[in-house]
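The working numbering applies: residue 1359 is where the first sequence begins, and numbers increase by one.
Idealized CB from N, CA, C, for every residue including glycine.
Working notes, beginning with the structure itself.
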Amino acid sequence: MEDVSGYQNLTPAQAIDHQQELRKQISIKELNTPIRTIAGADISFNKYSDILYAGIVVFSYPELKIIGTATAISHITFPYISGLLAFREIPALIDAWNNLITKPDLMVLDGQGIAHERRMGIATHFGLVTGVPTIGSAKSRLAGRFDEPADRSFAESPMYDKGEQVGVALRSKARCNPIYISPGHNISIQQSVDVIKNCIRGYRIPEPTRQAHLLVNKIRIEHGDGKPAQPGLFD
DNA sequence: GCGACAG
DNA sequence: ATCTTGTCGC
């Protein structure tokens, strides 16, 4: 697996060059091996601190029973820059990944897959680094134009960027904003959407990513990193 | 030049 | 991303 520890020293321009290089290896095609386990990953942090909490929750599929978790705590080494999210979150996620005893067949990340200006959203990047098939499930749009999907559960509308379909805007729940699904690596667009639909359990956010979010917030609070160090001192 | 801009 | 209670709409 590619070493990801050097990301902290990259300038934004170098990070973009790296994305242009990595994108050559992206493979968007049907996943033909059976999916028996699926995992969700997410990170959490306190804006007053520089600690990142990463977590992964593994489920049986399609039953979605939790069968394992892994977490990792590290320091922020890269700023948040739209389009370069992977360089900020992937090092911490890889730490959690390395702590996972049994790797899942498929992974869902909180962010874009190929629905990205250079097709290198965090889900795609994670898939290329680890080799595991990935799906991106984002709460807001980055790239791609689409028509608003109908206001009923599971209504969907294709997302296009530069003349090609990069994902689907999916109404995971009626009267809620859609979520943006795009394949990360080693899976197709259609299969990505089908899998995510199978992971909806009454909430807007699919269960893998939803549970990962709950997990990382829990460990952050347990770690005593839930409030500013000096409340209101400089406010 | 102006607006958009994952988490 | 995170800070937060009540509150409007279905």
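Between which two residues does the beta strand (DSSP E) carrying residue i extend?
{"i": "residue 1401", "result": "1395–1403"}
{"i": "residue 1465", "result": "1464–1467"}
{"i": "residue 1410", "result": "1409–1418"}
{"i": "residue 1496", "result": "1492–1496"}
{"i": "residue 1430", "result": "1424–1433"}
Can you tell me whether DSSP reads residue i as helix, strand or coil?
{"i": "residue 1518", "result": "strand"}
{"i": "residue 1450", "result": "helix"}
{"i": "residue 1474", "result": "coil"}
{"i": "residue 1608", "result": "In the structure as shown, the chain begins at 1359 and stops at 1593. Residue 1608 is therefore absent and cannot be evaluated."}
{"i": "residue 1439", "result": "coil"}
{"i": "residue 1587", "result": "coil"}
{"i": "residue 1444", "result": "helix"}
Flag this pair as yes or no: are the beta carbons of residue i and residue j separated by less than 9 Å?
{"i": "residue 1454", "j": "residue 1429", "result": "yes"}
{"i": "residue 1496", "j": "residue 1542", "result": "no"}
{"i": "residue 1551", "j": "residue 1522", "result": "no"}
{"i": "residue 1505", "j": "residue 1401", "result": "no"}
{"i": "residue 1389", "j": "residue 1544", "result": "yes"}
{"i": "residue 1427", "j": "residue 1414", "result": "yes"}
{"i": "residue 1529", "j": "residue 1511", "result": "yes"}
{"i": "residue 1483", "j": "residue 1549", "result": "no"}
{"i": "residue 1531", "j": "residue 1560", "result": "yes"}
{"i": "residue 1362", "j": "residue 1452", "result": "yes"}
{"i": "residue 1489", "j": "residue 1466", "result": "no"}
{"i": "residue 1576", "j": "residue 1404", "result": "no"}
{"i": "residue 1517", "j": "residue 1499", "result": "yes"}
Would you mind reading off the limits of the alpha helix (DSSP H) that contains residue i?
{"i": "residue 1484", "result": "1480–1488"}
{"i": "residue 1376", "result": "1370–1380"}
{"i": "residue 1385", "result": "First-last for residue 1385: undefined, no H or E at that position."}
{"i": "residue 1566", "result": "1565–1580"}
{"i": "residue 1550", "result": "1547–1556"}
Residues bridged to residue i by DSSP?
{"i": "residue 1537", "result": "1528"}
{"i": "residue 1560", "result": "DSSP output for residue 1560 lists no bridge partner at all."}
{"i": "residue 1363", "result": "Looking at the DSSP assignment, residue 1363 forms no beta bridge with any residue, so it has no partner."}
Just checking my contact of residue i with residue j at CB under 8 Å: how many whole Å lie between their CB atoms?
{"i": "residue 1501", "j": "residue 1442", "result": "The pair is not a contact, with the Cβ atoms about 13 Å apart (cut-off 8 Å)."}
{"i": "residue 1420", "j": "residue 1464", "result": "Their Cβ separation, rounded to whole angstroms, is 11 Å, which puts residue 1420 and residue 1464 out of contact at 8 Å."}
{"i": "residue 1450", "j": "residue 1412", "result": "4 Å"}
{"i": "residue 1439", "j": "residue 1370", "result": "6 Å"}
{"i": "residue 1395", "j": "residue 1416", "result": "6 Å"}
{"i": "residue 1547", "j": "residue 1563", "result": "Residue 1547 to residue 1563, Cβ: 20 Å. No contact."}
{"i": "residue 1487", "j": "residue 1360", "result": "5 Å"}
{"i": "residue 1557", "j": "residue 1422", "result": "7 Å"}
{"i": "residue 1582", "j": "residue 1525", "result": "With a Cβ gap of about 38 Å, residue 1582 and residue 1525 do not count as contacting."}
{"i": "residue 1569", "j": "residue 1424", "result": "7 Å"}
{"i": "residue 1473", "j": "residue 1509", "result": "Residue 1473 to residue 1509, Cβ: 22 Å. No contact."}
Quick one: does the C-beta of residue i sit closer than 8 Å to a heavy atom of the ligand SAM?
{"i": "residue 1492", "result": "The ligand SAM is not among the ligands present in this structure, which contains no ligands whatsoever."}
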